[in-house]
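Worksheet: the structure to be examined is printed underneath.
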Amino acid sequence: MSFRSKEIDASDSEDEFTRRANRMVSRWSGERQSGAPDRTQLKSHVRSREDEAARGRVKVLGRHILEPQRQVPILDRCEVLVVGAGPAGLSAALGARRAGADTMLLERYGCFGGTITTVGMETLGWYRYEGTEDCEGIGREMERVAERMGGTTKWPYNDSDCLDAEKFKLVADSLIKESGVRPILHIWVVEVLINSENQIYGVITESKSGRQAILADRVIDCTGDADVAHLAGCKYSVIDISQSLGVTTVFNAVNVDVSKFKDYTSRNPATYKDWSRTWEQTTSGKEEHLKSPYLDREFEKAAEAGVIPEDKIGNFGGSWSALSDAGEATNLNLVHKKGVDATCVRSLTDAEIEGRQNVMHALDALRHTVPGFENAKLRNFAMTVGTRDSRKIIGRYNLTGQDVCNQARFEDAVGIFPEFIDGYNILILPTTGRFFQVPYRCLLPSSGADNLLVAGRAVAGDRVSHAAMRNMMACTVTGQAAGVAAAVSLQQNTVVKNVDVSDVQTELQRQGVRLS
Numbered sequence: 001m002s003f004r005s006k007e008i009d010a011s012d013s014e015d016e017f018t019r020r021a022n023r024m025v026s027r028w029s030g031e032r033q034s035g036a037p038d039r040t041q042l043k044s045h046v047r048s049r050e051d052e053a054a055r056g057r058v059k060v061l062g063r064h065i066l067e068p069q070r071q072v073p074i075l076d077r078c079e080v081l082v083v084g085a086g087p088a089g090l091s092a093a094l095g096a097r098r099a100g101a102d103t104m105l106l107e108r109y110g111c112f113g114g115t116i117t118t119v120g121m122e123t124l125g126w127y128r129y130e131g132t133e134d135c136e137g138i139g140r141e142m143e144r145v146a147e148r149m150g151g152t153t154k155w156p157y158n159d160s161d162c163l164d165a166e167k168f169k170l171v172a173d174s175l176i177k178e179s180g181v182r183p184i185l186h187i188w189v190v191e192v193l194i195n196s197e198n199q200i201y202g203v204i205t206e207s208k209s210g211r212q213a214i215l216a217d218r219v220i221d222c223t224g225d226a227d228v229a230h231l232a233g234c235k236y237s238v239i240d241i242s243q244s245l246g247v248t249t250v251f252n253a254v255n256v257d258v259s260k261f262k263d264y265t266s267r268n269p270a271t272y273k274d275w276s277r278t279w280e281q282t283t284s285g286k287e288e289h290l291k292s293p294y295l296d297r298e299f300e301k302a303a304e305a306g307v308i309p310e311d312k313i314g315n316f317g318g319s320w321s322a323l324s325d326a327g328e329a330t331n332l333n334l335v336h337k338k339g340v341d342a343t344c345v346r347s348l349t350d351a352e353i354e355g356r357q358n359v360m361h362a363l364d365a366l367r368h369t370v371p372g373f374e375n376a377k378l379r380n381f382a383m384t385v386g387t388r389d390s391r392k393i394i395g396r397y398n399l400t401g402q403d404v405c406n407q408a409r410f411e412d413a414v415g416i417f418p419e420f421i422d423g424y425n426i427l428i429l430p431t432t433g434r435f436f437q438v439p440y441r442c443l444l445p446s447s448g449a450d451n452l453l454v455a456g457r458a459v460a461g462d463r464v465s466h467a468a469m470r471n472m473m474a475c476t477v478t479g480q481a482a483g484v485a486a487a488v489s490l491q492q493n494t495v496v497k498n499v500d501v502s503d504v505q506t507e508l509q510r511q512g513v514r515l516s
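Residue numbering for the sequence shown follows full-length UniProt numbering, starting at 1 and increasing by one per position.
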């Protein structure tokens, strides 16, 4: 008896096809003795004849394929859909939900927290000094919740906190569950749905559950790379990768003699002026005498001793932060790579592999040159490389370096951020009480689909403003603003670009956001 001609025939009806398939599986698995398997369960795993026919219609056109039209099941519906659950996405989802909107939050990894939890960059804001005028809102709330849950330690040399990346996963879980936000992890947006009026009304996703649609009245792009805005046809800018900020492979070490290491750094203090040893660094002058948890001479010594390859010396140097009594050193931000395209999977793949190799070189260097690290071992690599630079939308207003450095004020302000600039060879720390306002318009794409907002590091702006707005606490500011604006636009029954910003500001202030 041939399998194709008798057991399952192409001419069978779908019910007959399923019945025969059930019978075969029952016989092969031995389940016939204990009862037939659930037919509906099996049916969900058998491709429909329409699916199979569609597969057969795929056409190869040179370097592309022509994908056939097909039906996509609807997974869910919501009022506000937030894509990406890093600091911006968490803040957007919580802000929208607290403003009354039915909110969903999508994340491609298995946890919330983004750069904190998947990259291991364990701080929302490491820039705080006595004179810092800081933002308020969900970002600061997350720090306070983390502290109550025992998930913080003191940042070296200033008034900032380090976050425990693993405990922050629980912090984020708790905030999302208590808020009523509806989350989905392990899911990726691959296409957007736009109607004839040029309004986004949902997305297409891919996951272990297959290709599915989620319908939404408002969508907020918190991917960090403007992925949704890109799919929606919004204009954006990308800096040449030869000039873009590098990526980092963060790692954590164990078996560190913390007391010995602290004694070493106390006797050999580094300052922010030392950052100029590795790359050209412009400051305002006031930063240069401040202590910094920084290591770079140690890698030079290791290269001179032949411990690490001399041709890789430019990949090493940076900060350490959290130390534990158990001998852990976490958030070791010491391994970097320039020239990585954060929107190219091949470039990211190379960076991941090379980064892990260089972490092992870095550990060798630390063991040979840094007291306290003689017996250190790798605890773990970060889940993914940390990226700092990729797409930035062209907005209805593009924030500038002049805005950041001259305490800009805007009528449509949706938050503030201190004068803290870190990137493109500029370092300015907010020690004098200076701050700028963040305008709502830099969250709005100038083109593409309506009812789409962008928050996080992809907001509109030039290079210098990006060096401020890419910081995680700034991402929480734009995230919360976007979430609230999306919810208020629904209440006003208007598109997000026409929302009454005064109502957005009122709700933000009700949620504890500082606007001035």
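Note that CB positions come from ideal geometry on N, CA and C, so glycine has one too. All of these numbers come straight from a predicted model, not from anything done at the bench.
Taking C-beta separations shorter than 6 angstroms and ignoring five residues to either side along the sequence, the partners of V203 in its chain run V189, V192 and I214, following chain order. Taking the CA atoms as reference points, G246 sits about 37 angstroms from G180. Counted as a single uninterrupted DSSP element, the stretch harbouring D164 is not any alpha helix (DSSP H), since DSSP gives it neither H nor E. In the structure shown, A460 falls within a coil segment according to DSSP collapsed to helix, strand and coil.
By the Cβ neighbour-count rule, T494 is exposed, with fewer than 16 other Cβ atoms within 10 Å of its own. Between N331 and E122, the C-beta spacing is below 8 angstroms. Here DSSP, grouped into helix, strand and coil, assigns A376 to coil.
Considering only M473, A449 and L444, the residue with the shortest C-alpha distance to V501 is L444. In the three-state DSSP reduction, I138 falls in the helix class (H, G or I). With contacts defined by Cβ atoms closer than 8 angstroms, N333 and T248 form a contacting pair. Beta-bridge analysis with DSSP links R267 to no other residue. Looking at the DSSP output, F435 shares a beta bridge with P418.
I184: member of the beta strand (DSSP E) spanning R182 to L185, first to last residue. Counting along the chain, the unbroken beta strand (DSSP E) around D217 starts and ends at G210 to D221. Secondary structure of W275 (DSSP, three-state): helix. If only complete runs of 3 or more residues are kept, the region 276 to 311 shows no beta strand (DSSP E) anywhere.
A check of alpha carbon separations from I220 across L515, L453, V504 and S489 identifies L453 as the nearest.
Judged by DSSP secondary structure, G318 falls outside any alpha helix (DSSP H) and instead within the beta strand (DSSP E) spanning F316 to S319.
Judged by DSSP secondary structure, I353 falls within the alpha helix (DSSP H) whose first and last residues are V345 to T369.
In its chain, beyond the 5 residues on either side, G113, I116, T117, A146 and G151 have a beta carbon closer than 7 angstroms to the beta carbon of F168. Residue environment for R98: buried (at least 16 other C-beta atoms within 10 angstroms of its C-beta).
The beta-bridge partner set that DSSP reports for C78 consists of A216.
In the pairwise beta carbon analysis, the region 314 to 325 is classified as touching the region 250 to 264: at least three pairs are separated by under 8 angstroms.
With contacts defined by Cβ atoms closer than 8 angstroms, V82 and G89 form a contacting pair. If you look at M104, you'll find it isn't in any alpha helix (DSSP H); it sits in the beta strand (DSSP E) that goes T103 to E107. Around S242, the same chain offers G339 as residues with beta carbons nearer than 7 angstroms, after the five sequence neighbours per side are excluded. At least 8 angstroms separates the beta-carbon of I421 from that of V438. Distance from N398 to D503 at the Cβ level is roughly 24 angstroms; contact not present, criterion being Cβ atoms closer than 8 angstroms.
The region 345 to 357 and the region 293 to 307 do not touch, with fewer than 3 CB-CB distances between them shorter than 8 angstroms. When beta bridges are read from the DSSP output, P445 appears opposite G395. When beta bridges are read from the DSSP output, N195 appears opposite no residue. Membership of A329 in any alpha helix (DSSP H) is not indicated; the residue belongs instead to the beta strand (DSSP E) covering A329 to K337. Collapsing the DSSP output to three states places K235 in coil. The alpha carbon of R434 has as its nearest neighbour, out of I426, A165, E419 and L427, the alpha carbon of E419. The shortest CA-to-CA distance from G483 to any of E411, I394 and Q511 is the one to Q511. For the 8 angstroms CB-CB criterion, G456 and G479 form a contact.
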